DNA sequence: GAGCCTCATTGATCAAGATCAATCGCGCGA
DNA sequence: TCGCGCGATTGATCTTGATCAATGAGGCTC
């Protein structure tokens, strides 16, 4: 599998800061620009929603920058984060008009979006866009199933390690040979806990433990230096393949 | 959304016992029959694999009957079941030749399968098959994310209830007004435990508890009568919508 | 700079579920 | 029919992570 495919958006329009020649080669950029529009969501004040569970979704959006979380909150307040939307991920789906989850901007988010009808027409008329959407969806499905292993069978320490490793893999830590890689956490401790199926206290304790064990270093609440990616990946039950070389 | 879509296969060929006119209307049944072949896997002796993680997948298969489980086993033996394949579900994917999980027949399984290349050609040439595969994959993705909520935030009792409710929804219990619905469990207690991220002992205790509370009745190890579907769905944090009326 | 507010960390205790260990029940073959 | 084997159940105890509670560390306003 081409690893890069995870990091390129489903479509690129002429206004998007992110382009991907393989996708664009067969598209008419002007036509895409006409059909799409850039929209931003601010993460402050807290709780800006891109969509609410059960709410009508009028657009199909491709994330250009920032981070959004998909979650469900049970009646009694328990909350589970079921996924993160990072640049190149998409929100919305052809064939259904409702969001299955709450989607919330956790940092300022910019998207390139299409009206549903326009996007469905684009899918119909542009086979490589349809094929790309299918590939991305299959990758997401594999990722969601991988995550089930983390949620169902891993210890708190392993969960935190797996989360950090997956973040490095997805947003790419800034690797600096010999000094580890720098990682910005887009989520609060509470959101991380909700992602991992843990409490905020347990999450905090495990981060502290990884720090004391020399695997990571905390530069600030949201900035982490991965001191030993290989060891961290090992903690996550992961062979460390595909991570940064430091 | 059309609920039935979950229960119809991606393609129907003239030899398949399951047909779906909406899918077949535009297909040439003879052509599909030529491209596909029926194959069976026996569940005994235990451990018959439809595919192994990392193994080359030469075919795309649509499940016709039986039940298979997708799982991952960690080095230390911990195991997580990441999904069940029931009739109309599919195994394999265009664009990647390797299975991400172990796929094991838990009851005798029959599939209708296509060679990868033939299936990819079918996808290219038959837009409604491609569109149907996308819809099914998006539904699977939603289901996988729903399951993350169960794995991450539910108690043992809620997990078992959620599992039973999801089985009734998917394979349809035989509803008998006033006497509840009969449910056949395709999985052993151990496999259920692996699906729920629990141990076999906890799973067994929770089943016993649900029985003592009058929500279910055990006819045998593998046969359950759902005495009160509404109450069971409530335990699972589910409004009970879409279940059998009994 | 003082006070406050939010988020994160740390500590003490508790409970849900895991683990270890019998025991049960049923099907099967000698 | 007896004994064996396997899966399921039940019991006793232990451990991990949850819960309850306090403290710490910035950042912001006044």
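Protein chains in written order, with my numbering: chain P, 7 to 252; chain B, 7 to 252.
Don't be surprised by glycine CBs; every beta carbon is placed ideally from N, CA and C.
Note that this is a predicted model, so its numbers are computed, not measured.
Endpoints, beta strand (DSSP E) assigned at residue i
i	result
residue 176/P	First-last for residue 176/P: 162-177, but that is the alpha helix (DSSP H), not the beta strand (DSSP E).
residue 188/B	187-190
residue 66/P	65-71
residue 77/B	74-79
residue 43/P	42-47
Which of helix, strand or coil DSSP assigns to residue i
i	result
residue 335/P	Nothing in the structure corresponds to residue 335/P, since chain P is present only between 7 and 252.
residue 141/B	helix
residue 205/P	coil
residue 260/B	Only positions 7 to 252 of chain B appear in this structure, which leaves residue 260/B out of reach.
residue 229/P	strand
residue 59/B	coil
residue 119/P	strand
residue 157/P	helix
residue 147/B	helix
residue 193/P	coil
residue 102/P	strand
residue 216/B	helix
residue 224/B	strand
residue 27/P	Here residue 27/P scores only 32 on pLDDT, less than 50, and its place in the model should not be relied on; the value that follows carries that caveat. Residue 27/P falls in the helix class under three-state DSSP.
Short CB-CB distance (under 8 Å) between residue i and chain P
i	result
residue 101/B	yes
residue 30/B	Residue confidence is low: residue 30/B scores 47 on pLDDT, short of 50, so the model does not pin down where it sits. Its coordinate-derived value is still stated next. Closer than 8 Å: no.
residue 195/B	no
residue 89/B	yes
residue 175/B	no
Proximity of residue i and residue j at Cβ, strictly below 8 Å
i	j	result
residue 157/P	residue 203/P	yes
residue 228/P	residue 190/P	yes
residue 120/P	residue 100/P	no
residue 230/B	residue 224/B	yes
residue 92/B	residue 69/B	yes
residue 72/P	residue 143/P	no
residue 77/B	residue 84/B	no
residue 151/B	residue 65/B	no
residue 206/B	residue 166/B	no
residue 110/B	residue 63/B	no
residue 242/P	residue 221/P	no
residue 140/P	residue 97/P	no
residue 147/P	residue 146/B	yes
residue 195/B	residue 172/B	no
residue 155/B	residue 154/P	no
residue 108/B	residue 132/B	no
residue 75/P	residue 90/P	yes
residue 49/P	residue 113/P	yes
residue 215/P	residue 159/P	no
residue 149/P	residue 106/P	no
residue 136/P	residue 43/B	no
Test: residue i CB closer than 8 Å to a CB of chain B
i	result
residue 186/P	no
residue 80/P	yes
residue 243/P	yes
residue 57/P	no
residue 86/P	yes
residue 27/P	A caution first: residue 27/P carries a pLDDT of 32, below 50, which makes its placement in the model too unreliable to give a value.
residue 61/P	no
residue 159/P	yes
Where the alpha helix (DSSP H) containing residue i begins and where it ends
i	result
residue 235/P	235-241
residue 85/B	Careful: residue 85/B lies outside any alpha helix (DSSP H), inside the beta strand (DSSP E) at 85-91.
residue 125/P	122-131
Using a Cβ cut-off of 8 Å, which residues of the stretch 135-156 of chain B contact any Cβ in chain P, in chain order? 136, 137, 139, 140, 141, 143, 144, 146, 147, 148, 150, 151, 152, 153, 154, 155
Along the stretch 107-137 of chain P, where does the CB come closer than 9 Å to a CB of chain B? Name the residues. 107, 129, 130, 133, 136, 137
Within 8 Å of chain P by C-beta, residues of the stretch 202-215 of chain B in sequence order: 202, 203
Going along the stretch 215-240 of chain B in order, which residues come within less than 8 Å of chain P, judged by CB to CB distance? none
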